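Q: Can you read through this structure? Questions will come right after.
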Amino acid sequence: MKRSWKEMKGMIKTEEIKDTGETEEMEVKEIEEMKRTRKTEETKDIGETKELEESENLEDNPGKCSKCQNNIERNWCRPCNAKRFQNEFGKWTSEDREIDEFIQQIQLNANKRQEIIEWIPFEKLENITYLTKGGFGTAYKAKWLDGPIYCWNYKVENWDRFGRKNVCLKSLDNSTNKFDFLQEINNQLKFRGKNTIAIYGITKNLTKNEYMIVMKYAEYGSLRNMLNNKFEELNWQDKHNILLEVVMGLINIHKMGLMHKDFHSGNIVNQSLRLSYITDFGLCKPVTENNTENIYGVIPYMAPETLSRGEYTQASDIYSFGMVMLEVLTSYPPYYNIPHDENLVIKICKGLKPEIKCEIPQFLKEIMEKCWNFERLERPTAAELRSQLEKYRYERNEIRREVNNQVQVANRSNKNFIQYDPNEMHPEAIYTSRLISKLTIPECDTYNSRQQLFSIPDNIIVKDEENETQETECKFNRN
């Protein structure tokens with residue numbers, strides 16, 4: 001059930017951000033990557049240079065606020081800064097009362113600069129260029145002239161900012177209402193600094209009369225884009241690290257009692273080769289909210305129970321993660337060479353698994369195939385995935401030797417491996433989220449009668465290699 005705007009506003013007022021150090025941990029990772037990149041590339045943005053220099057000292061810097069003498073950490077006094085934000089409420093407006101109140105409540109409750117969002121006037125954005133169109137919106141790259149707030153400057157009585165900064169603008173389709181727009185932002189703000197992309201604020205394109213989310217710009221684009229362009233530069237350890245970063249983000253989503261519901265490589269972005277963030281929380285919902293009427297997603301990443309019954313669970317996110325694993329480990333997206341239509345849906349519901357195009361170290365292959373389990377209760381949780389991935393990362397002696405042996409076997413086997421070429425994608429393969437027609441499956445033999453999840457008739461015939469098609473009893477209910 002959807003919460004009303006009043007209920008959501010109350011959540012913003014009362015919900016305290018539970019910071020367990022993950023924000024600082026992500027900052028450390030970002031800085032390590034920035035330092036690594038800086039050795040080979042010149043910093044192109046003055047604001048990014050300043051952000052690096054000012055963030056390299058990651059100590060809490062405890063002290064006292066020179067205004068109220070309260071103890072503060074990281075140059076942030078919540079009571080004083082809340083008053084400063086409040087004093088500025090009359091100086092800006094989105095021209096929408098609910099959006100104004102949404103931003104204001106977040107500012108009043110911010111415990112650190114990473115928790116702020118702002119109203120960003122569109123004229124403060126320049127060099128706006130189209131990036132890509134997804135299932136529910138369009139993304140653009142832009143330069144934010146001011147950049148995010150860093151801290152309050154007591155000498156000049158104004159905010160210090162990071163300065164010019166690349167950002168991503170996301171406009172949502174006209175079909176998305178204001179509640180959904182704010183709900184997506186609110187969901188994403190719950191995971192600030194926790195392996196999810198940062199949101200800086202909201203703006204409005206006056207020409208198109210549409211509101212847009214202003215987010216951190218990921219230099220390498222989507223995970224899918226990064227793999228298409230940089231896969232050859234990744235070794236097995238890099239791939240392992242990417243998967244661990246992604247699963248950490250999934251853990252944080254699931255710990256909040258939520259499910260992503262649209263988890264695929266297009267909704268993961270990379271700041272660098274090894275630093276990944278989860279994004280696009282438009283479908284993210286509590287596990288108690290399960291609308292089985294409308295099924296959205298990317299078919300190859302959707303679990304059988306979702307395709308057949310519209311059933312979304314955290315376990316269906318895990319199935320999707322298994323498909324992301326396949327893509328990270330092999331460069332090949334699942335089912336890239338066939339149409340993404342009802343025939344594929346039927347095959348997935350009958351137990352079809354994607355082809356593994358190269359040799360994978362056995363320990364990673366076993367983890368991946370557990371995620372693909374037809375029985376959702378047999379899939380690992382996100383926390384279990386982390387434990388399994390970290391086990392092979394940190395263990396020594398026999399386990400480490402076995403992992404090294406598996407890696408060497410894979411490397412020898414893959415000497416003539418041909419990386420995925422996007423030009424080979426089938427013209428009817430669709431990797432953007434969309435409304436999926438719901439499948440009605442009669443009661444009869446199952447993929448695995450022991451599991452008895454749902455029934456699929458044995459006499460289903462789909463297009464064979466000679467393109468001969470016979471009648472099928474399974475029909476799609478067109479929404």
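Read left to right, the sequence shown gives residues 1 to 479 (the UniProt record's numbering).
Heads up, the beta-carbon is just placed ideally off N, CA and C, and yes, glycines get one too.
The structure presented is a predicted model; accordingly, all values stated were derived computationally and were not measured.
(1) Under 9 Å between the Cβ atoms of residue 498 and LEU131?
(2) Would you tell me roughly how many angstroms separate the C-alpha atoms of ASN294 and SER437, rounded to the nearest one?
(3) Can you say whether ALA383 is buried or exposed, counting buried as having 16 or more other CB atoms within 10 angstroms of its CB?
(4) Would you say ARG164 and GLY297 are within 9 Å of each other, going by their C-beta atoms?
(5) Who are the near neighbours of ILE360 in its chain, counting only those whose CB is closer than 8 Å to its CB and skipping five residues on each side?
(6) Whole angstroms is fine: what's the gap from ASN186's alpha carbon to ASP262's?
(7) State the Cα-Cα distance for the pair GLY147 and ASN373, rounded to the nearest angstrom.
(8) When you compare the CB positions of GLY310 and LYS370, do they come within less than 9 Å of one another, or not?
(9) Please state whether DSSP places ALA383 in a helix, a strand or coil.
(10) Check for me: the alpha helix (DSSP H) holding LYS370 runs from which residue to which?
(11) Any idea what DSSP makes of VAL298, helix, strand or coil?
(12) Going straight from the alpha carbon of GLU53 to that of MET302, what length do you get?
(13) Please go through the same chain and pick out, in chain order, the residues whose beta-carbon is closer than 8 Å to the beta-carbon of LYS230, but skip the five residues on each side of it.
(14) Sorted by chain position, which residues of the same chain lie with C-beta nearer than 8 Å to TYR154's C-beta, five sequence neighbours on each side aside?
(15) Taking the alpha helix (DSSP H) that ASP100 falls in, what are its first and last residues?
(16) For ILE430 and GLU232, I'd like the C-alpha separation in whole angstroms.
(17) Using CA coordinates, which residue listed in LEU283, LYS124 and LYS255 is at the minimum distance from HIS264?
(18) I'd like to confirm the pairing. Which residues does DSSP put opposite THR138 in its beta bridges?
(19) So, does the stretch 329-347 touch the stretch 387-407, judging by three or more C-beta pairs under 8 Å?
(20) Among the candidates ILE149, GLU98 and LYS347, whose CA atom is the shortest distance from the CA of ILE299?
(21) Taking C-beta to C-beta, are TRP152 and ASN75 nearer than 9 Å?
(22) Identify, in the order they occur along the chain, each residue of the same chain with its Cβ nearer than 7 Å to the Cβ of LYS178, setting aside the five sequence neighbours on each side.
(23) Can you name the start and end residues of the beta strand (DSSP E) that LEU435 belongs to?
(24) Starting from CYS80 and walking both ways along the alpha helix (DSSP H), at which residues does that stretch end?
(25) Is the Cβ-Cβ distance between LEU189 and PHE181 less than 9 Å?
(26) Using only alpha-carbon positions, find the residue among LEU377, ASN225, ASN70 and THR279 that is nearest to PHE136.
(27) Is PRO148 helix, strand or coil by DSSP?
(28) Roughly how many angstroms separate the alpha carbons of GLY63 and THR196, rounded to a whole number?
(29) Which residue spans inside the stretch 219-279 form an unbroken beta strand (DSSP E) run of at least 3?
(30) For LYS216 and GLY249, what's the separation of their Cα atoms in angstroms?
A: Result, derived from the coordinates:
(1) What the structure shows of the chain is the stretch from 1 to 479, and residue 498 is not part of that stretch, so it cannot be assessed.
(2) 8 Å
(3) By the neighbour-count definition (other C-beta atoms within 10 Å, threshold 16), ALA383 is an exposed residue.
(4) no
(5) LEU329, THR330, MET368 and ALA410
(6) Going by C-alpha positions, ASN186 is about 17 Å away from ASP262.
(7) 45 Å
(8) no
(9) helix
(10) 362-371
(11) In the displayed model, VAL298 falls within coil according to three-state DSSP, outside both helix and strand.
(12) The predicted model places GLU53 with a pLDDT of 41, which falls under 50 and marks its position as unreliable, so this point remains unresolved.
(13) If the five residues before and after LYS230 are omitted, its C-beta is found closer than 8 Å to the C-beta atoms of TYR220 and LEU273, all from its own chain and listed in chain order.
(14) Excluding positions up to five away in sequence, the list reads SER66 and LYS67.
(15) 97-108
(16) 25 Å
(17) LEU283
(18) LYS133 and SER171
(19) no
(20) With distances taken between CA atoms, ILE299 lies nearest to LYS347 out of ILE149, GLU98 and LYS347.
(21) The criterion of a C-beta distance shorter than 9 Å is satisfied by TRP152 and ASN75.
(22) GLU98
(23) DSSP places LEU435 in the uninterrupted beta strand (DSSP E) bounded by 434-436.
(24) Taken as a continuous stretch (DSSP letters only), the alpha helix (DSSP H) holding CYS80 covers 78-87.
(25) no
(26) Nearest Cα to PHE136 within the set LEU377, ASN225, ASN70 and THR279: THR279.
(27) In the structure shown, PRO148 sits in coil (DSSP, three-state: anything other than H, G, I, E or B).
(28) Between GLY63 and THR196, the C-alpha separation is close to 30 Å.
(29) 268-270 and 276-278
(30) 16 Å
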